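To convert, take the position in the sequence shown, counting from 1, and add 128; that gives this note's numbering. Beta carbons are placed, not taken as given, at the ideal position from N, Cα and C, and that holds for glycine. Quick caveat, the model's predicted, so the values are computed rather than measured.
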Amino acid sequence: ATDERGAAGDSLDHSVRYWALKSLGLFGGDARAAVPRLSRELSDRSRSISDRILVADVLGQIGTGPALDALGRELLRPADSAADSSLLRQVIVDSVAYSGPAGVVALPSLVRATSDPVADVRRKACEALGRLGPRAEPALDSLVERLVIDESPAVRDAAADAMSRLGPVAIPVLGVMLREGDDGMKWRAARALGRAGRLGIPEIDSLQAATSDPDSRVRIESLDALWLIRRDPMLVCEAALKELSRDDRETRKRASELLVSVDSLPVTVRRQLKMLAESRSSDAARAAGWVLRRRESMSE
């Protein structure tokens with residue numbers, strides 16, 4: 129009976145601690161006095177991973193410089209041997225990311241995390257750097273490395289997206305990747321340039337050249353990027369129309385969506401779409417018909 133009461137007491141203590149910490153996090157920066165103790169608990173590897181994860185989450189909610197610095201220091205420590213320690217590192221990265229611009233204090237830790245052995249940690253680190261925007265300029269080389277050599281497509285996606293948020297410093301690098309990289313680098317670079325918006329204007333010529341690339345995804349991402357950057361129907365519509373005749377269904381779908389999104393189709397393109405739709409004998413005809421119907425319904 130004594131053992132049962134002891135177990136019940138431990139369970140109660142754990143529950144009280146859990147909710148106390150959860151409540152502490154709700155105070156945000158007003159709970160800054162608790163940061164030193166929480167920092168010690170976060171770094172105490174005799175505690176369970178689940179407990180340290182909770183502490184990391186609370187430090188992120190407090191969000192002061194010292195709290196984020198504690199998270200960054202823990203992220204710089206060598207990974208421990210616990211099987212689920214990667215989950216702790218993911219929570220730490222997320223906690224820094226959600227703190228907003230203040231998370232720049234942990235920039236060196238996030239850069240280090242882009243080389244973590246676990247792909248999900250690397251991906252989240254890239255995403256966190258993207259959230260920092262131009263403040264993360266010093267991370268450019270690390271993001272390029274992930275985009276070029278990482279074996280995880282999700283990490284490469286996150287690295288390219290983060291580069292699109294770094295500001296003007298990343299644009300020439302993305303341009304080089306678009307011109308000289310492998311297919312995966314090219315289409316990711318094109319997409320990143322599009323997401324960078326008007327900052328991507330210096331690479332307009334490279335994007336136009338890439339609309340003739342042998343790889344369908346490079347062509348489509350380049351067309352989308354041109355539209356996002358310039359919003360000029362003359363730059364994209366003729367090329368998008370040609371993509372309707374490709375064998376690949378995804379290519380036709382993306383080209384159709386682009387033609388629907390364009391504000392005003394050139395007269396020659398509208399005429400060609402109607403002629404293609406009236407042929408009724410191919411996938412291209414069905415795609416052209418869908419574009420015309422969608423545009424008509426949107427104008428009603």
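From what residue to what residue does the alpha helix (DSSP H) around L199 run? G193 to L204
Euclidean distance between Cα positions of R259 and L275: 17 Å
Taking the alpha-carbon positions, what's the A148 to A161 distance? 15 Å
From this set, S143, R358, D185 and R175, which residue's C-alpha is nearest G156's C-alpha? D185
Residues near L327 by beta carbon distance below 8 Å, same chain, minus five either side: G295, P296 and I299
Ordered list of alpha helix (DSSP H) runs contained in the stretch 308-351, each at least 4 residues: 311-323 and 332-338
State the DSSP-derived secondary structure class of A290, mapped to helix, strand or coil. helix
Ignore the nearest five residues each way along the sequence and tell me which others in A405's own chain have a CB closer than 7 Å to its CB. A413, A416, G417 and L420
Using alpha carbons as the reference points, say which of D391, T396 and V395 lies closest to R423. D391
State buried or exposed for S223, treating a residue as buried only when at least 16 other CB atoms are found within 10 Å of its CB. buried
Counted within 10 angstroms of its Cβ, other Cβ atoms place A256 as buried (16 or more) or exposed: buried
Report the residue from Q400, L363 and P394 whose alpha carbon sits nearest the alpha carbon of L372. Q400
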